Amino acid sequence: MDNFSYPKSVEIFEVGPRDGLQPEPEFIDTEKKIKLVNMLSDAGCKKIEVTSFVHPKWVPQMADAKEVFANIDKKPGVVYNALIPNMKGLEIAIECGLDEVVTIMSTSESHNKENLNRTVSESLKEIEEINKVAKEKGIKIRSYIATVFGCPIEGYQDPKKALDIALALESFGSYEISLGDTTGMANPVSAYKIPKMILSKLTKASLAVHYHKYFGLEHANNLASLQAGITVFDSAAGGLGGCPYAPGAKGNCATEIMVEMFHRMGIETGIDLDKIYKVGEYAKSLSTLLNKEN
Ligand code: MG
């Protein structure tokens, strides 16, 4: 273990405006959400998960999804995408003119049922359909697999479940698959072994990791995944987030600290460190959840 070679640059996928704000209990003004997205693109973020086209009955915080998407400054070279929980979400994304959407499902039957009200195999079928329709419309699909490193209901998951789902998603046409540590249960060993094993089996899709906070362990997990060959990392400015269907879930890995880590290591992110710290402060100012967490 003495000669790791690191990439010159990594890609950061910013999830703050969606994954970060989604569980916030108090409605955040549309203008503030738009400002957060614009600050992120100004700081150099190239991929931003802006919102979610989900029924407001399930996620009231995202009730202004169309308005947010329509009013952000669309900077050339930046990909603005949205999470879609189902085919209905894709239809809205098509109406709103998105170039890219994100799908989600869990390895855990119980979590998938709670989160999406579907079995794992029903979700796979639906995402296959979503991929078909998206392809016809020229929309790219990124796919999350949640609970890969552990489920708050079922506990640690057999990595083979994540592998099987990843291979299925790749075969449907998803261009990137992100392995989610939904409630911060990963450790540097699983964060090395699981992505490495899945990376070795994928032939077309790229692989990302998505760690949630656990008192700093998230950064160790990112480093372990980097050492396993991962070069795409999800994070949220200010460490915003949680999971509305996973009690006790903490926020996402904070973008600014991750950028600080990579820059100190001599790895480029394309993100301005001073600016992303300011975005992190702004993001935190929008949150009531983070204040409760500390
Ligand atoms: Mg997350």
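Here this note's numbering is used: the first residue of the sequence shown is 3, the next is one more, and so on. Beta carbons are placed, not taken as given, at the ideal position from N, Cα and C, and that holds for glycine. Keep in mind the model is a prediction, meaning the values are calculated, not measured.
8 angstroms Cβ cutoff, ALA239 in contact with chain B: Among the chains in the structure shown there is no chain B, since it carries only a single protein chain.
Stretch pair the stretch 33-47 + the stretch 133-140: three plus CB contacts closer than 8 angstroms: no
Assumed close pair PRO25, GLY244 - CB separation to whole angstroms, cut-off 8 angstroms: 4 angstroms
Distance cut-off 7 angstroms: ASN254 Cβ against heavy atoms of ligand 1: yes
Residue environment, TYR158, which counts as buried when at least 16 other CB atoms sit within 10 Å: exposed
The stretch 189-204 touching the stretch 217-224, judged by at least three CB pairs closer than 8 angstroms: yes
Bridge partners - THR53, DSSP secondary structure assignment: ALA84
Same chain, Cβ closer than 6 angstroms to ALA193, neighbours up to 5 away in sequence not counted: ASN223, ALA226, SER227
Those residues which DSSP pairs with TYR146 across a bridge: ILE106, SER180
Neighbourhood of LEU292 by C-beta, 8 angstroms cutoff - its chain only, sequence neighbours within 5 removed: GLY240, GLY241, LEU242, GLY253, LYS286
PHE235 - DSSP class collapsed to helix/strand/coil: strand
Cβ-based burial, ASP75 [other Cβ within 10 Å; buried from 16]: exposed
Cutoff 7 angstroms; reference GLY2; Cβ partners in own chain excluding five residues on either side: Shown here, the chain extends from 3 to 296; a query on residue 2 therefore has no answer.
Near ligand 1: VAL17 beta-carbon under 7 angstroms from a heavy atom: yes
3-residue-minimum beta strand (DSSP E) runs that sit fully inside the stretch 10-41, ordered along the chain: 13-16
Contact test: GLY240 Cβ vs ligand 1 heavy atom, cutoff 7 angstroms: no
Any alpha helix (DSSP H) of 4 or more consecutive residues that is wholly inside the stretch 246-296: 257-266, 275-288, 291-295
Alpha helix (DSSP H) segment containing VAL191, residue limits: No alpha helix (DSSP H) holds VAL191; DSSP gives it neither H nor E.
Contact belief for VAL211 with LEU169 at Cβ below 8 angstroms, rounded distance in angstroms: VAL211 to LEU169, Cβ: 17 angstroms. No contact.
ASN83 beta carbon less than 8 angstroms from that of GLU102: yes
beta-carbon ASP21 near ligand 1 non-hydrogen atom, thresh 7 angstroms: yes
Where PRO197 falls, given that 16 or more other Cβ within 10 Å makes a residue buried: buried
DSSP three-state assignment for LEU219, whether helix, strand or coil: helix
Rounded distance between the beta-carbons of VAL12 and ILE269, thought under 8 angstroms: 6 angstroms
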